[in-house]
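All remarks here apply to the structure that follows.
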Amino acid sequence: MKKNYLAIIAMMFLGSYAIAQVKIDAELRPRFEYRHGFKTLFPDNVDPAAFVSQRTRLNATYSDEKLEFYLSIQDIRVWGDVPQLNSSDNNGLGIYQAWGEIKFTPSLSVKLGRQALSYDDQRILGGVGWAQQARSHDVALLKIKKNKFSLHLGAGFNQDGETLTGTTLNTNTYKAMQYVWFNQKWENLGASFLLLNNGMQYIDNVNSSDNDTRYSQTLGTHLGYNKNNFSLMANLYYQTGKDVNNNDLSAHLLGAEANYNVNPKWKLILGAELQSGNDNGAPSSGDNNAFTPLYGTNHKFNGHMDYFYVGNHSNNVGLLDLYLGTTIKTSNKTDFSIRVHNFNAAADMASNASKQLGTEADLAFNYNFSEAINIKAGYSQMFASEGMEYLKNNFDDNMNNWGWVMVTIKPTLFTSANK
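Heads up, our numbering is the position in the sequence shown plus 1212, with the first residue counted as 1.
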């Protein structure tokens, strides 16, 4: 099967290299993880997890004056998830991205197909690159760019498959999504605005005639300022409309981060983020005040141990995250970073528990062995408070830590210049 894919790519791309630009590259990314309290507090009488996951990709890009085409095939596995001499893999090959961008003019294009959506700091729409499978969307995207102004209009409509009747969606994704994003850059300032309409499928298991698509709206801005050795970023977002359970949404996210380069090798970071939540950790009286960061790269923000908003903590007590950190370049090829987060609930906890949830320390090391080879390693530890024990319903008082090592190999297999 893999040989067939390679043959198809070769026929599609290499045959036309003389009149267009073609690039074929690959990625191999194994990652070892030791989990002892990752995403939730570690319970008694169980063993920690340890495994190696791996992402393998083959990417091909074709570009000429009127068209850009991109195909990314990937295989995601855990070492040992199938036996030796296996006749088939658990997951097999899949399509991460497959899109074509039609260029009507240098300023106007339409991009169609499965594609990663990554905007600003990836708070609401991001590629989720840390996850081995990453995130992509099946969408149509209109792009307008003029000088320092950009406007994107995107829309997706998802179904389980081809049918003769009905449009009820059973796949765990949005039913429909439309968004508009525009960005303006000045000398030291950049400003983006996002309006995203997100439709989730509601299924009534008793009366199918009540199946419905329920829409929420997320609107807000991302601001960035950069001058000399100082930079400042701010996020302000508001959510309204309905959640999938038909509660009225009224939620917000406020965030700010300052960076200061003490010198070319040393950077200081100070930031805070508030995501609103529900008292006692659940919507009540038909109202939901918990912000959901939707399709952002959430692993990037509220601690590397993923205790919040990575497949968890939805419609809960929200979060106040105060953090500080530093990045130090130890050489031209290496750097070391430390970030410390202090977590508090944004709304009242159940049982009058303390809003103080705990402190997390994240350490990471980065080494660029060569242009095609990168090595990263990290260690994190959660110092949980009483509030976290109530939030996660675990009072075992165990140590919670996580360590990982990741090697990324990204060779360029073929390139052709315009001829």
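For each residue, glycine too, the CB sits at the ideal point set by N, CA and C.
Practice prompt. Have a look at the DSSP bridge pairing and note the partners of GLY1453.
Written response: The residue you call residue 1453 lines up with position 241 of the sequence shown. In DSSP, GLY1453 forms a bridge with SER1428 and LEU1461.
Worksheet item: Do THR1430 and LEU1506 have their CB atoms nearer than 8 Å?
Response: Reading the sequence shown from its first residue, position 218 is the one you call residue 1430. Reading the sequence shown from its first residue, position 294 is the one you call residue 1506. Yes. Within cutoff.
Item to complete: Could you name each continuous beta strand (DSSP E) segment of 3 residues or more that falls completely within the stretch 1231-1276, going from the start of the chain to the end?
Response: Listed in chain order, they are 1233-1248 and 1261-1275.
Worksheet entry | Residues near ASP1287 in its chain [Cβ-Cβ closer than 6 Å; skip 5 each side] | In the sequence shown, the residue the question calls residue 1287 occupies position 75. For ASP1287, where only same-chain residues beyond five positions count, the Cβ hits under 6 Å are THR1268 and LEU1305.
Practice prompt. Would you be able to state if there are at least three C-beta pairs under 8 Å between the stretch 1231-1244 and the stretch 1596-1609?
Written response: Contact between the stretch 1596-1609 and the stretch 1231-1244 is absent, because fewer than three Cβ pairs lie under 8 Å.
Worksheet item: Per DSSP, what kind of secondary structure is GLU1583 in: helix, strand or coil?
Response: Taking the first residue of the sequence shown as position 1, residue 1583 is located at position 371. GLU1583: coil per DSSP, three-state reduction.
Worksheet item: Are the C-beta of SER1497 and some C-beta of chain D separated by less than 8 Å?
Response: Judged by its chain identifiers, the structure shown contains no chain D, having just a single protein chain.
Discussion item. Taking only three categories from DSSP, how would you classify MET1201?
Written reply: Summary: the structure shown does not reach residue 1201, with the chain confined to residues 1213 through 1631, and so no result is reported for it.
Item to complete: Select from GLN1568, THR1509 and GLU1572 the residue whose C-alpha is nearest the C-alpha of LEU1536.
Response: One-based indexing of the sequence shown puts residue 1536 at position 324. Of the listed residues, the one whose Cα sits closest to LEU1536 is GLU1572.
Worksheet item: How about the stretch 1572-1581 and the stretch 1549-1558: do they share at least three Cβ pairs that are nearer than 8 Å?
Response: At 8 Å Cβ cutoff, the stretches touch.
Discussion item. Any contact between the stretch 1334-1352 and the stretch 1377-1384? By contact I mean 3 or more CB pairs, one from each, below 8 Å.
Written reply: Verdict: no, contact absent.
Worksheet item: When burial is assigned at 16 or more other CB atoms within 10 Å of the CB, is ILE1314 buried or exposed?
Response: Along the sequence shown, read from residue 1 onward, the residue named residue 1314 stands at position 102. Taking all protein chains in view, the Cβ of ILE1314 is surrounded by fewer than 16 other Cβ atoms within 10 Å, so the residue is classified as exposed.
Fill in: Beta-carbon gap between SER1526 and GLN1568 smaller than 8 Å
Here residue 1526 refers to the residue found at position 314 when the sequence shown is read from its first residue. Here residue 1568 refers to the residue found at position 356 when the sequence shown is read from its first residue. In this structure, GLN1568 does not lie closer than 8 Å to SER1526 by Cβ.
Worksheet entry | Other residues of its chain near VAL1456: CB distance less than 7 Å, five sequence neighbours each side excluded | Along the sequence shown, one-based indexing puts residue 1456 at 244. For VAL1456, the CB contacts under 7 Å within the same chain, skipping 5 residues up- and downstream, are MET1412, TYR1414 and ARG1426 in chain order.
Worksheet item: ALA1468 to PHE1626, Cα distance in whole Å?
Response: Here residue 1468 refers to the residue found at position 256 when the sequence shown is read from its first residue. Here residue 1626 refers to the residue found at position 414 when the sequence shown is read from its first residue. Roughly 42 Å between the two C-alpha positions.
Item to complete: Along the beta strand (DSSP E) that carries GLY1312, what are the first and last residues, could you check?
Response: Working through the sequence shown from its first residue, we reach residue 1312 at position 100. Run containing GLY1312: 1305-1317, per the beta strand (DSSP E) assignment.
Worksheet item: With respect to the alpha helix (DSSP H) encompassing GLU1485, which residues constitute its N-terminal and C-terminal limits?
Response: Position 273 of the sequence shown, counting from 1, holds the residue named residue 1485. Counting along the chain, no alpha helix (DSSP H) covers GLU1485; the unbroken beta strand (DSSP E) around it starts and ends at 1478-1487.
Discussion item. Excluding the 5 residues flanking LYS1214 on each side, which residues of the same chain have their C-beta closer than 6 Å to its C-beta?
Written reply: What you label residue 1214 is simply residue 2 of the sequence shown in a count that begins at 1. Unreliable positioning characterises LYS1214 in this predicted model, as indicated by a pLDDT of 49, which lies under 50. A coordinate reading is not provided.
Fill in: Neighbourhood of LEU1329 by C-beta, 6 Å cutoff - its chain only, sequence neighbours within 5 removed
Here residue 1329 refers to the residue found at position 117 of the sequence shown. Only residues of its own chain outside the window of five on either side were considered, and among them LEU1337 and HIS1349 have a CB closer than 6 Å to the CB of LEU1329, listed in chain order.
Fill in: Unbroken alpha helix (DSSP H) run spanning MET1600, endpoints
Counting from 1 along the sequence shown, the entry for residue 1600 is found at position 388. Counted as a single uninterrupted DSSP element, the alpha helix (DSSP H) harbouring MET1600 occupies residues 1598-1604.
Item to complete: To the nearest angstrom, report how far apart ASP1372 and THR1385 are at their CA atoms.
Response: Counted from its first residue, the sequence shown places residue 1372 at position 160. Counted from its first residue, the sequence shown places residue 1385 at position 173. So the two alpha carbons sit approximately 10 Å from each other.
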